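See structure below.
There are 2 protein chains.
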Amino acid sequence: MLKDERQAFIMRQINLHNKVLSTDISAMLNISEDTVRRDLKEMAEDGKVLKVHGGAISRSFHYPFNADNAVYAQAAKQQIAQKIIKLLKNDMVVLTGGGTTMIELAKSIPDNLRATFFTISPLVALELVEHRNLTVISIGGQLSPSSHVHMGASVINQLADIKVDLCLLGANGFSVQDGMTDSDWEVVQVKRAMIRAAKKLAIISIAEKLNSSQRMKVCDLNQINYLITELAPDNHFLSPYQQLDMELL
Amino acid sequence: MLKDERQAFIMRQINLHNKVLSTDISAMLNISEDTVRRDLKEMAEDGKVLKVHGGAISRSFHYPFNADNAVYAQAAKQQIAQKIIKLLKNDMVVLTGGGTTMIELAKSIPDNLRATFFTISPLVALELVEHRNLTVISIGGQLSPSSHVHMGASVINQLADIKVDLCLLGANGFSVQDGMTDSDWEVVQVKRAMIRAAKKLAIISIAEKLNSSQRMKVCDLNQINYLITELAPDNHFLSPYQQLDMELL
DNA sequence: TCTGATTATGCGTGTTTTAGCATGTTTTAA
DNA sequence: TTAAAACATGCTAAAACACGCATAATCAGA
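Note that the protein sequences, when read in sequence, are chains A and B. The opening residue of the first sequence carries number 1 in the numbering used here; numbering runs sequentially from there. The opening residue of the second sequence carries number 1001 in the numbering used here; numbering runs sequentially from there.
Next up, the structure:
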């Protein structure tokens, strides 16, 4: 086996799996690990791969993670905000949760929309109230240090007394098998109460959160009226949800 | 599994959920918690994440209005904040209004103070909750676009149900003849309810608001336990108040 | 085809990195 | 105050590594 041939094989493996282990290549091609290591070293010097302890990984795989997490997925979130705005009509009563997507939405709402917003997030409330035609009502309660939203029994109580047209919730985990899920018990309780208080339910999720599950169940998929992601509704990534009884945006 | 691959996975989880727990990663990838901790430590040293007890959080997950905006008379307000802090004891229950002075106070509270804060201001709430030993409870209600505090009947109702050790209120007008006054009917109602809910009342006012009157009366001077300004208690400017039954700070 | 030079490969040796475990300490929350 | 969780630290075994060297493969020119 020629050297170039071998390195082409390694390159193919990396393009295929985003990584290779020296031991794997050694076993597959029946060559010594030393040779593989020498190959990888050489390829790394040529800038073709990134050498790491144990093997090598694709250059394109590793690179994007270091650079830009400050604005990670922000473009996607603004895109989502634009879609949500289409759901909002004058004189609607809306209930929202927290999260960065919701803040983006609050910023992007057109100034001429006349509506009432209930929210458990002080940050969202403060953004919303900058729009002069909105009435903003905070559902008060104990403020969670980690998630910056109001939680606890008082929130649940207040939610029991209201009925809104639309509830906007961010999803933490979302999958066909488990429905909408979350990792925090308190959050689940609040989200459930929010869903009970709403006639229609819209779930907001960036595509990467789809098909992931957390420990606690929030609601079934059939309770959800709208699923909003940054993807086009006919994107193959959404195919598991296309036949379900929810509108994809 | 390669180390870099693992760290990329962790990075991805953090970008998705703003945080990770060491135990979760350990379970998901079937590796020891030690390894996860070592990874997080390393990533924290590289500045990729913020390490916290139990896991790590996204570097960008710090709420947005830290921009040290030039607040009017900020030095005086910080001075006042320092004086108020002397009134605060462990296990106190405090009720606060809004205003820039209160925000300065919220920032300046020592981290080791263990207390419960009720507040009608979402901004104050968000500042307070950054101190880990504080329990912060928002009194929710309609958010006023101008003053950024919660107002309305719902606030009054909730205030009727609580009793706190100390109420911190900013004054809009303050004089010997008229007592504490304000210009907005709604604000007066809320302030009165706050005073009713408190055993002791501390009024915060920068000196230039003293000896001015607004149209509506909030309370008499004899209901006030503490008057806090940036001046020394024996300042001649405060002489009209020195013989009254309130403590000057 | 042969020969010498060059390069590539495998192996032995010793070193470094890694991951899990045991131990004792600190932090956290009840 | 106390018990559990999270942590730091040191240690160990195994894996991955670098290096030198011997041998094997490759190639150019006669």
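Where a beta carbon is used, it is the ideal one built from N, C-alpha and C, also for glycine. Note that this is a predicted model, so its numbers are computed, not measured.
Where Ser58 (chain A) sits in the DSSP three-state scheme: strand
Cβ pair Val1164 (chain B), Ala1207 (chain B) closer than 8 Å: no
For Val94 (chain A), the residue or residues it bridges with in DSSP: A:Phe117, A:Leu166
Asn1066 (chain B) - DSSP class collapsed to helix/strand/coil: With a pLDDT of 42 at Asn1066 (chain B), under the threshold of 50, the modelled position of this residue cannot be trusted, and the question is left open.
Euclidean distance between Cα positions of Pro1233 (chain B) and Gly1054 (chain B): 47 Å
Proximal residues to Leu1105 (chain B) (C-beta, below 7 Å), its chain only, five neighbours per side dropped: Ala1081, Ile1084
Nearest residue (CA-CA) to Ala193 (chain A), options A:Met151, A:Glu127, A:Arg215: A:Met151
Chain A residues whose Cβ lies nearer than 9 Å to that of Ile1137 (chain B): Gly140, Gly141, Gln142, Leu143, His150, Gly152, Ser154
Contacts of Leu1126 (chain B) in chain A (Cβ-Cβ under 9 Å): Pro122, Leu123, Leu126, Leu143, His148
Euclidean distance between Cα positions of Ser1175 (chain B) and Ile1137 (chain B): 32 Å
Whole-angstrom distance between Leu1249 (chain B) and Asn211 (chain A), CA atom to CA atom: 59 Å
Cβ pair count under 8 Å reaching 3, the segment 1108–1115 of chain B against the segment 1234–1242 of chain B: no
Three-state class that DSSP yields for Gln243 (chain A) in the structure shown: coil
Beta-carbon gap between Lys1191 (chain B) and Leu1169 (chain B) smaller than 8 Å: yes
Contact the segment 1179–1187 of chain B vs the segment 1214–1231 of chain B: 3+ CB pairs below 8 Å: yes
Beta carbon proximity, Asn1069 (chain B) to chain A, threshold 8 Å: Unreliable positioning characterises Asn1069 (chain B) in this predicted model, as indicated by a pLDDT of 47, which lies under 50. A coordinate reading is not provided.
Short CB-CB distance (under 8 Å) between Val1129 (chain B) and chain A: yes
Where Val36 (chain A) falls, given that 16 or more other Cβ within 10 Å makes a residue buried: buried
Contact test: Ser121 (chain A) Cβ vs the ligand MG heavy atom, cutoff 7 Å: For the ligand MG, the structure offers nothing, since it holds no ligand at all.
Pair within 8 Å by beta-carbon distance, Ala1202 (chain B) and Cys1167 (chain B): yes
Euclidean distance between Cα positions of Leu128 (chain A) and Gln177 (chain A): 35 Å
8 Å Cβ cut-off: residues of chain A touching Arg1132 (chain B): Pro145
Per-residue burial, Thr8 (chain A) [other beta carbons within 10 Å of its own, 16 or more giving buried]: With the sequence shown as reference, residue 8 (chain A) is identified as Ala, and Thr is not the correct amino acid for it. Classification of Ala8 (chain A): exposed, given that the 10 Å Cβ count is below 16.
Straight-line gap, Pro1122 (chain B) to Ser121 (chain A) (C-alpha atoms, nearest Å): 9 Å
Cβ-based burial, Gly47 (chain A) [other Cβ within 10 Å; buried from 16]: exposed
Proximity test, Cβ basis, 8 Å: Gln1189 (chain B) and chain A: no
Residue closest to Ile1139 (chain B), alpha-carbon to alpha-carbon, out of B:Asn1133, B:His1148, B:Lys1041, B:His1131: B:His1148
Minimum Cβ-Cβ distance from Glu208 (chain A) to chain B less than 8 Å: yes
Assigned exposure category for His236 (chain A) - 16 Cβ within 10 Å defines buried: exposed
Cβ-Cβ distance between Ile224 (chain A) and Glu1005 (chain B) below 8 Å: no
Local Cβ density within 10 Å of His17 (chain A), reported as buried at 16 or more and exposed below that: exposed
Burial state of Asn1030 (chain B) (16 or more Cβ within 10 Å): exposed
Of the listed residues A:Leu2, A:Asn222, A:Asp24, A:Met1, nearest to Met1001 (chain B) (C-alpha basis): A:Asp24
Own chain residues within Cβ distance below 6 Å of Leu40 (chain A), not counting five before or after: Lys51, Ala56
Three-way DSSP call (helix, strand, coil) for Gln82 (chain A) in this model: helix
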